[in-house]
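Trainee: I have a structure I would like to understand better, so I am pasting it below and will then ask my questions one at a time.
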């Protein structure tokens, strides 16, 4: 529990700083949006490209944990998407954002130090395998659905829909940075040290800026308006996804104890801040997503701590 609190409390400090300070006269009304634009177009792409470029492709003996985790993840996403459509009458872009808030784990800020402390270097290696495809599957796939839904909502024909979606994806820095990182990793080359350092510096700003902007977005939040959608995301993230990953890993893929523990721990992590950046970018459910991140981060001190206690070997 102590390592988790050591990670969560400083994160909450930055969220509270954003909530307290991002007001006139210190900051103008567009400060949170400006931070979000910087994160989405500069910091996050640098972080994603560097992560993809440095992490090699998994070997055949490492595919089981990926199969277990992503089989469960896709099932959880399908259930969350259906619930968003049925309960809140969301269109495709809106339901997609709520689905991402229900499934995207905070694997870097919270997951990496926690798994290292609980499961050691070998456990961290298993987590990094999951992280390799995490943004690609969720942010990449989510962006495709949002862009396709927006194009469909504008009444475009099939050819125009496909062309417009493809063009929007090519212009999307998240998708292009992931794709470019994977292509670079496939070459087997190492990043030149000055370039690697530049990407590291720019990418390291993504987390603190996201936390500050997250707090700023909570200014004026009406809790009652966001409660239903926030509750859906928190429940799916902290209960549904870990349960499905455990069922998949235990009974379908028969993972060894270490891999199973790491997979379920990853699934139990709070909602990741990158979902907030995507929601802010498209102007979709920013407040409910911010609320889900804050609430799930607070509750994960209990839920993730319990998972680690159960699965630690």
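Residue numbers (my numbering): 1 to 313.
Yeah, the Cβ is synthetic: ideal placement off N, Cα and C, and Gly gets one too.
Just so it is clear, the structure is predicted and the values come from calculations on it, not from any experiment.
(1) Alpha carbon to alpha carbon, what distance is there between residue 250 and residue 184?
(2) Residue 111 and residue 127 look like a contact to me (Cβ under 8 Å); what is the Cβ gap, rounded to whole Å?
(3) Kindly give me the distance between the Cβ atoms of residue 264 and residue 288, rounded to whole angstroms, as I take these residues to be in contact under 8 Å.
(4) Using three-state DSSP, classify residue 64 as helix, strand or coil.
(5) Just to check my reading of the structure: residue 259 and residue 130 have Cβ atoms closer than 8 Å, yes? What is that Cβ distance to the nearest angstrom?
(6) How far does the alpha helix (DSSP H) with residue 96 in it reach, from first residue to last?
(7) Taking just the CA atoms, how far does residue 182 sit from residue 50?
(8) Answer yes or no: do residue 290 and residue 22 have a C-beta to C-beta separation smaller than 8 Å?
(9) So, with DSSP's three-state summary, where would you put residue 271?
(10) Would residue 92 pass as a contact of residue 149 if the rule is Cβ separation under 8 Å?
(11) Expressed to the nearest angstrom, what Euclidean distance is found between the alpha-carbon atoms of residue 88 and residue 194?
(12) Below 6 Å CB to CB, which residues in the same chain sit around residue 173 once its five sequence neighbours on both sides are set aside?
(13) Looking at C-alpha atoms only, which residue of 204, 24, 219 is the closest neighbour of residue 286?
(14) Determine the DSSP secondary structure at residue 205, reduced to helix, strand or coil.
(15) So for residue 20, helix, strand or coil by DSSP?
Mentor: Taking the geometry as given:
(1) Straight across, the Cα-Cα distance linking residue 184 with residue 250 is about 34 Å.
(2) Taking a contact as a CB-CB distance under 8 Å, the pair residue 111 and residue 127 counts as one, their CB atoms being some 6 Å apart.
(3) Rounded to whole angstroms, the Cβ separation of residue 264 and residue 288 is 26 Å, and the two are not in contact under 8 Å.
(4) Taken through DSSP and simplified to helix, strand or coil, residue 64 comes out as helix.
(5) Not quite, the Cβ-Cβ distance comes to about 10 Å (not below 8 Å), so this is no contact.
(6) Segment 92-103, the alpha helix (DSSP H) holding residue 96.
(7) Rounded to whole angstroms, residue 50 to residue 182 spans 10 Å at the Cα level.
(8) Their beta carbons are not under 8 Å apart, which means residue 290 does not touch residue 22 by this criterion.
(9) Three-state result, residue 271: strand.
(10) Their beta carbons are under 8 Å apart, which means residue 92 touches residue 149 by this criterion.
(11) Straight-line Cα distance between these residues: approximately 48 Å.
(12) Taking C-beta separations shorter than 6 Å and ignoring five residues to either side along the sequence, the partners of residue 173 in its chain run 41, 45, following chain order.
(13) Checked all of 204, 24, 219; the closest Cα to residue 286 is 219.
(14) Of the three classes helix, strand and coil, the one that applies to residue 205 here is coil, per DSSP.
(15) Three-state result, residue 20: helix.
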